[in-house]
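Chemist:
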Amino acid sequence: MNSKNQWIELGFTQHPFPSGMHMCLLYTDEAERRRTIGKYLKYGILAKEKVSYFTDVMKPEEVRDWLLSLGVALPEEDGFSISVAAKTYCPDGVFVPEQMLNALKALYENAKKAGYPNVRVSGEMSWALKGIPGSERLIEYEALVNEVFITHPINAICQYDVNKFSGATILNVLKVHPMMLINSQIISNPYYIQPRDFLKEYLVAK
Numbered sequence: 016m017n018s019k020n021q022w023i024e025l026g027f028t029q030h031p032f033p034s035g036m037h038m039c040l041l042y043t044d045e046a047e048r049r050r051t052i053g054k055y056l057k058y059g060i061l062a063k064e065k066v067s068y069f070t071d072v073m074k075p076e077e078v079r080d081w082l083l084s085l086g087v088a089l090p091e092e093d094g095f096s097i098s099v100a101a102k103t104y105c106p107d108g109v110f111v112p113e114q115m116l117n118a119l120k121a122l123y124e125n126a127k128k129a130g131y132p133n134v135r136v137s138g139e140m141s142w143a144l145k146g147i148p149g150s151e152r153l154i155e156y157e158a159l160v161n162e163v164f165i166t167h168p169i170n171a172i173c174q175y176d177v178n179k180f181s182g183a184t185i186l187n188v189l190k191v192h193p194m195m196l197i198n199s200q201i202i203s204n205p206y207y208i209q210p211r212d213f214l215k216e217y218l219v220a221k
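Residue numbering for the sequence shown follows my numbering, starting at 16 and increasing by one per position.
1) Measuring only the C-alpha atoms, how far is residue 18 from residue 165?
2) What's the call for residue 65, buried or exposed, on a 16-neighbour Cβ count within 10 Å?
3) If you drop the 5 nearest sequence neighbours on each side, which residues of the same chain put their C-beta closer than 7 Å to that of residue 16?
4) Should residue 159 be labelled buried (16 or more other beta-carbon atoms within 10 Å of its own) or exposed?
5) Enumerate in chain order the residues of its own chain whose CB-to-CB distance from residue 163 is below 7 Å, with the five nearest sequence positions on each side excluded.
6) Please classify residue 203 as buried or exposed, where buried requires at least 16 other C-beta atoms within 10 Å of its C-beta.
7) For residue 139, count neighbouring Cβ atoms within 10 angstroms of its own Cβ and tell me buried if that reaches 16, exposed if not.
8) For residue 176, report the span of its beta strand (DSSP E) as first-last.
9) Classify residue 18 as helix, strand or coil using the three-state DSSP reduction.
10) Let me confirm a value: residue 181 is counted as buried when at least 16 other C-beta atoms fall within 10 Å, else exposed. Which label applies?
11) Nearest to residue 129 by alpha carbon, out of 147, 193, 63, 106?
12) Which ranges would you report for the beta strand (DSSP E) in the region 97-158 if only whole runs of at least 3 residues count?
13) At a cut of 8 Å, does the region 39-59 reach the region 85-93 through at least three beta carbon pairs?
14) In terms of alpha-carbon separation, which member of 122, 125, 185, 134 lies closest to residue 144?
15) Per DSSP, what kind of secondary structure is residue 65 in: helix, strand or coil?
16) Mapping DSSP to helix, strand and coil, what is residue 70?
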């Protein structure tokens, strides 16, 4: 797999970034969330990238209506998809991190074969609060994603509502995302720990 990254525009900032960005959006303001994610998805569609959105709080038709209200012409082909997050992360009713990591690899490989220049995704992570078996492995998965994105440089924004997740979980979320979004600005995360170093401590503590 060719891991040479391209420079991309994210939509909510004027500065380009290398593909393979793994970012967390920690938010309390729904309007801010929609503003940032809307621009992110819109730009990916305009750039004719492979764009996938994993929704939890919003219904798929609500996401579609929301994007249409922003003046986005949604592709009729498979360049853009909306899926229910729980079914995407847990297709068999159980969350298995390795299974989702393989699904992301396949998403990237299939998109490149189809001629898409880049792949961008975003997910509403509140699906992990529904008591689905295996969801306690969420942070482990988030750490390992960083290794996948080295060889399969997908651009991802993981959305966390800080009013719903515990403080301890949010702290771990920060430790496994190299970049974080604050007021539509990308900031290099000072709390980030390399995946294997993080997992050594995290799995022992559990």
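Ideal Cβ positions, reconstructed from N, Cα and C, are used throughout, including at glycine.
Modeler: Reading it off the structure:
1) Taking the first residue of the sequence shown as 1, we reach residue 18 at position 3. Taking the first residue of the sequence shown as 1, we reach residue 165 at position 150. With a pLDDT of 46 at residue 18, under the threshold of 50, the modelled position of this residue cannot be trusted; read the value that follows with caution. Straight-line Cα distance between these residues: approximately 6 Å.
2) On the sequence shown, position 50 is the one that residue 65 refers to. With 16 or more other Cβ atoms within 10 Å, it is buried.
3) Taking the first residue of the sequence shown as 1, we reach residue 16 at position 1. Any reading at residue 16 is ruled out, since the residue's pLDDT is 47, under 50, leaving its predicted position unreliable.
4) As a working note, residue 159 is residue 144 in the sequence shown. Classification for residue 159: buried.
5) Within the sequence shown, the letter at position 148 stands for residue 163. Closer than 7 Å at the Cβ level, and outside the excluded window around residue 163, lie 116, 119, 120.
6) As a position in the sequence shown, residue 203 is number 188, starting the count at 1. Residue 203 should be labelled exposed.
7) Stepping through the sequence shown from its first residue, residue 139 is reached at position 124. With a 10 Å radius around the Cβ and a threshold of 16 neighbouring Cβ atoms, residue 139 comes out buried.
8) For this step, residue 176 is matched to residue 161 along the sequence shown. That run of the beta strand (DSSP E) goes 170-176.
9) Numbered from its first residue, the sequence shown carries residue 18 at position 3. Confidence at residue 18 is low in this model, with a pLDDT of 46, below 50, so its placement is unreliable and the value that follows should be read with caution. Three-state DSSP puts residue 18 in coil, outside helix and strand.
10) For the purposes of this step, residue 181 is taken as residue 166 along the sequence shown, with counting starting at 1. Residue 181 is exposed by the Cβ-count criterion.
11) Locating residue 129 in the sequence shown gives position 114, counting from the first residue. The candidate whose alpha carbon is nearest that of residue 129 is 63.
12) Runs of the beta strand (DSSP E) inside the region 97-158: 134-139.
13) Contact annotation: the region 39-59 touches the region 85-93, with at least three C-beta pairs closer than 8 Å.
14) In the sequence shown, residue 144 corresponds to position 129, counting from 1. Of the candidates 122, 125, 185, 134, the one whose C-alpha sits nearest the C-alpha of residue 144 is 185.
15) Within the sequence shown, the letter at position 50 stands for residue 65. Look at residue 65 here: in three-state DSSP terms it is strand.
16) Counted from its first residue, the sequence shown places residue 70 at position 55. Strand at residue 70.
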